[in-house]
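For the sequence shown, the residue numbers in the working numbering are 14 to 275.
C-beta: ideal position from N, C-alpha, C; glycine also.
Working notes for the structure below.
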Amino acid sequence: MAAGPDTAANLARVEGLVARAAASGARLVALPELCLWRGPSREYAAHASAIPSPLTDRLGELAARYRIYLAAGSILERCTVADHCYNTALLFGPGGALLARYRKIHLFDVAIAGGPVVNESSRIAPGEAVEVVETELGRIGLAICYDLRFPELFRALAARGAEVIVLPAAFTRHTGLHHWQILVRARAIENQAYVVAPGLIGPMENAVPTFGHSLIVNPWGEVAARLGTHEGVAVATLDRDRLAKIRAQLPALTHRRPDLFG
14 MAAGPDTAAN LARVEGLVAR AAASGARLVA LPELCLWRGP SREYAAHASA
64 IPSPLTDRLG ELAARYRIYL AAGSILERCT VADHCYNTAL LFGPGGALLA
114 RYRKIHLFDV AIAGGPVVNE SSRIAPGEAV EVVETELGRI GLAICYDLRF
164 PELFRALAAR GAEVIVLPAA FTRHTGLHHW QILVRARAIE NQAYVVAPGL
214 IGPMENAVPT FGHSLIVNPW GEVAARLGTH EGVAVATLDR DRLAKIRAQL
264 PALTHRRPDL FG
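In structure tokens:
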């Protein structure tokens with residue numbers, strides 16, 4: 014999906030897409046990073062919400078309405094650091110309760126020749142916790158966008174039992190073209206887990222163009238569903254039996270040597 018600085022319009026778009034996904038039979042629906050407000054970084058703190066808040070209440074109500082697990086992308090969460098906020102991924106259960114909150118750990122501070130110059134840490138405070146939650150669909154872990162480049166976070170999620178990793182993203186067009194699919198598939202293969210990676214689409218005035226290309230990748234590294242640069246819904250089956258067979262037949266996770274490598 015695309016998002017801009019009008020929260021009400023973004024929320025209406027989210028509600029429409031969630032309704033479509035639920036109508037297709039989805040039990041876990043995942044949205045992209047910053048799906049409810051995207052604008053200039055200097056305005057991040059001013060648009061940050063407390064958790065809980067009326068905004069998160071709406072998201073919980075949406076999950077309850079369709080009896081789904083809703084990985085509600087990420088929102089800007091208030092924090093105590095002046096002029097900063099957290100970039101926070103949320104997971105709601107089918108009863109509407111907030112089950113998990115993950116604050117983005119790795120912040121996108123880059124200056125790429127011919128590409129974006131971004132200093133996320135000037136406006137976003139880093140999180141300090143790894144998040145995995147038990148659900149009836151399996152153990153779900155959370156990460157956000159730039160976290161994708163840090164395999165140690167995904168290994169920590171797998172070590173905590175994650176079977177599905179949800180990665181809301183607003184990957185840049187410049188880096189996404191070369192890195193996005195390779196990295197998403199690599200994290201799925203390495204950790205023998207499903208990776209659900211919804212990507213924000215579209216250019217926006219005074220903002221870095223985003224790549225889109227949402228992916229669902231299975232534990233064998235196969236792309237089970239994908240989107241391009243247009244708004245839509247991608248649906249795939251998360252098969253826990255197949256996941257268990259892959260982990261049993263190629264037990265790489267049990268062959269780790271944390272005594273040597275941590």
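Under the DSSP assignment, residue 88 falls outside any alpha helix (DSSP H), being part of the beta strand (DSSP E) whose first and last residues are 82 to 91.
In the three-state reduction of the DSSP assignment, residue 274 falls in the helix class, which pools H, G and I. In this structure the stretch 255 to 265 lies against the stretch 220 to 233, because at least three pairs of beta carbons, one per stretch, are closer than 8 Å. Residue pairing of residue 148 in beta bridges, as defined by DSSP: 151. Remark: C-beta atoms of residue 35 and residue 99 do not approach each other more closely than 8 Å. Runs of the beta strand (DSSP E) spanning 3 or more residues and lying entirely within the stretch 94 to 145 occur at 98 to 105, 111 to 116, 122 to 124, 130 to 132, in chain order. Here the stretch 190 to 210 makes no contact with the stretch 68 to 78; the two share fewer than three CB pairs at distances below 8 Å.
Put simply, the backbone Cα of residue 55 is about 13 Å away from that of residue 18.
A Cβ-Cβ contact shorter than 8 Å links residue 58 with residue 136. Where residue 24 is concerned, the enclosing alpha helix (DSSP H) starts and stops at 20 to 36. Residue burial annotation: residue 147 is exposed, with fewer than 16 other C-beta atoms found within 10 angstroms of its C-beta. If you compare the alpha carbons of 96, 40, 171 with that of residue 264, the shortest gap goes to 171.
One Cα belongs to residue 76, the other to residue 86, and the distance between them is close to 13 Å. Bounds of the alpha helix (DSSP H) holding residue 197 are 186 to 204. The continuous alpha helix (DSSP H) containing residue 259 extends over residues 253 to 262.
In this structure, 104 is the residue among 125, 267, 104, 109 with its C-alpha nearest to the C-alpha of residue 115.
Counting only residues of its own chain and dropping the five nearest sequence neighbours on each side, residue 74 has a CB closer than 7 Å to the CB of 109. Secondary structure of residue 249 (DSSP, three-state): coil. When the beta-carbon positions are compared, residue 120 and residue 156 stay at least 8 Å from each other. Here the alpha carbons of residue 60 and residue 47 stand approximately 11 Å from one another.
Here residue 272 is exposed, its C-beta having fewer than 16 other C-beta atoms within 10 Å. Distance from the CA atom of residue 227 to the CA atom of residue 214, rounded to whole angstroms, is 9 Å. DSSP places residue 76 outside any beta strand (DSSP E); the residue lies instead in the alpha helix (DSSP H), whose first and last residues are 67 to 79. Listed in chain order, the non-local C-beta contacts of residue 123 below 6 Å within the same chain comprise 131, local neighbours out to five positions each way being set aside. DSSP places residue 167 in the helix class (H, G or I) of the three-state scheme.
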